[in-house]
Amino acid sequence: MYDLPRIRGELPELRIDWREEVASTNDIALEAARANEEAPLLVFADRQSAGRGRGGNRWWSHDGSLTFSLLLDGERFGLPTERWPIASLAVGLAVCQTVEQQAEATTVQLKWPNDIYLDGRKLAGVLVETTAKPKRLVIGVGVNVNTRLASAPDEVRERSVSLGDHFARSFDMNTMLVAATTSILARLEQLATAPEDVLPLWRKRCLLTGRQVEIESPQQLIAGECLGVAEDGALLVRDSATVHRIVAGVVRRFT
Ligand code: BTN
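Here is the structure:
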């Protein structure tokens with residue numbers, strides 16, 4: 000499925016770890032971080048048997064799914080710990096733009112914090128995890144590229160979309176992987192040098208702004224109108240009482 004010499008040639012600054020099948024590429028990258036292995040490292044696999052999503056969810060992937068994890072030293076990348084939440088938005092933006100370019104699609108949007116939607120269905124997700132010692136960032140990305148969603152469980156099929164199914168053609172996995180990785184690294188660099196340029200691009204693609212949303216945050220359930228994303232990456236939701244700034248939470252519903 001992948002052309003390793005080509006990928007190594009096009010991403011010379013990264014250590015590359017390809018596996019045929021793994022439980023989760025994020026787990027491999029986290030193990031590498033804890034073993035103090037050198038970053039940046041790109042781990043990717045043909046298949047994941049136990050892919051993980053945000054909020055303890057499973058991430059279903061199948062043949063043709065792009066699944067990879069990037070292990071980074073955020074500090075060396077000019078990204079101190081306090082900027083990691085915004086880094087997670089920047090990663091979603093990078094994946095969104097990659098899809099726009101590769102598929103020439105104009106209807107790709109971002110659902111806070113970093114889900115990628117195509118025509119109202121979920122196309123891709125990002126799971127950012129960290130290790131404390133040493134301080135490392137693991138960015139896991141799953142994109143339904145050539146995935147045939149007909150073989151997915153009902154609950155996945157109903158709310159998901161793949162590029163292959165949507166555009167009725169197949170996409171080159173090498174190109175997608177290299178483009179997504181390059182785009183993520185470029186956006187993170189931009190965050191360190193010109194952070195003010197990142198959020199306007201994110202806001203232009205926000206799926207939730209102006210919609211009624213229900214957000215489950217660790218403290219409470221908040222329902223109201225989404226006002227968009229603040230400078231620090233928090234989601235702003237107005238109910239009859241106040242404007243809530245949500246830094247961590249799951250979007251349960253939006254209409
Ligand atoms: C989400 O939308 O909930 C996030 C999904 C992230 C899935 C990717 S696939 C590669 C990496 N390995 C994992 O186990 N998860 C991430």
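In terms of numbering that gives the first Met the number 0, the sequence shown is residues 0 to 254. Think of the CB as a built atom: it goes at the ideal place given N, C-alpha and C, for glycine as much as any other residue.
Bridge partner(s) assigned by DSSP for residue i
i, result
"residue 95", "For residue 95, which the question treats as bridged, DSSP gives no partner whatsoever."
"residue 77", "DSSP output for residue 77 lists no bridge partner at all."
"residue 250", "214"
"residue 224", "211 and 237"
"residue 64", "143"
"residue 242", "237"
"residue 70", "40 and 137"
Rounded C-alpha distance that separates residue i from residue j
i, j, result
"residue 187", "residue 62", "29 Å"
"residue 124", "residue 99", "15 Å"
"residue 234", "residue 131", "26 Å"
"residue 245", "residue 35", "33 Å"
"residue 79", "residue 106", "33 Å"
"residue 229", "residue 118", "25 Å"
"residue 70", "residue 44", "15 Å"
"residue 152", "residue 121", "14 Å"
"residue 20", "residue 172", "16 Å"
"residue 227", "residue 85", "14 Å"
"residue 236", "residue 104", "29 Å"
"residue 146", "residue 239", "42 Å"
"residue 210", "residue 64", "30 Å"
"residue 115", "residue 17", "24 Å"
"residue 252", "residue 150", "25 Å"
"residue 208", "residue 42", "34 Å"
"residue 66", "residue 140", "6 Å"
"residue 220", "residue 10", "43 Å"
"residue 168", "residue 201", "28 Å"
Environment of residue i [buried if 16+ CB atoms lie within 10 Å]
i, result
"residue 94", "buried"
"residue 193", "exposed"
"residue 113", "buried"
"residue 218", "exposed"
"residue 31", "buried"
"residue 178", "buried"
"residue 47", "buried"
"residue 51", "buried"
"residue 242", "exposed"
"residue 96", "buried"
"residue 56", "exposed"
"residue 170", "buried"
"residue 23", "buried"
"residue 158", "exposed"
"residue 82", "buried"
"residue 26", "buried"
"residue 102", "buried"
"residue 190", "buried"
"residue 91", "buried"
"residue 77", "exposed"
Contact test: residue i Cβ vs ligand 3 heavy atom, cutoff 6 Å
i, result
"residue 25", "Annotation note on ligand 3: not contained in the displayed structure, which lists ligand 1 as its ligands."
CB contact below 7 Å: residue i versus chain E
i, result
"residue 77", "Looking at the structure shown, chain E is missing, and only one protein chain is on hand."
>> At 3 residues or longer, what runs of the beta strand (DSSP E) sit wholly inside the stretch 103 to 164?
In response: 107 to 110, 114 to 117, 120 to 130 and 135 to 143
> Which runs of the beta strand (DSSP E) spanning at least 3 residues fall entirely within the stretch 0 to 62, listed in chain order?
Replying inline: 14 to 21 and 40 to 47
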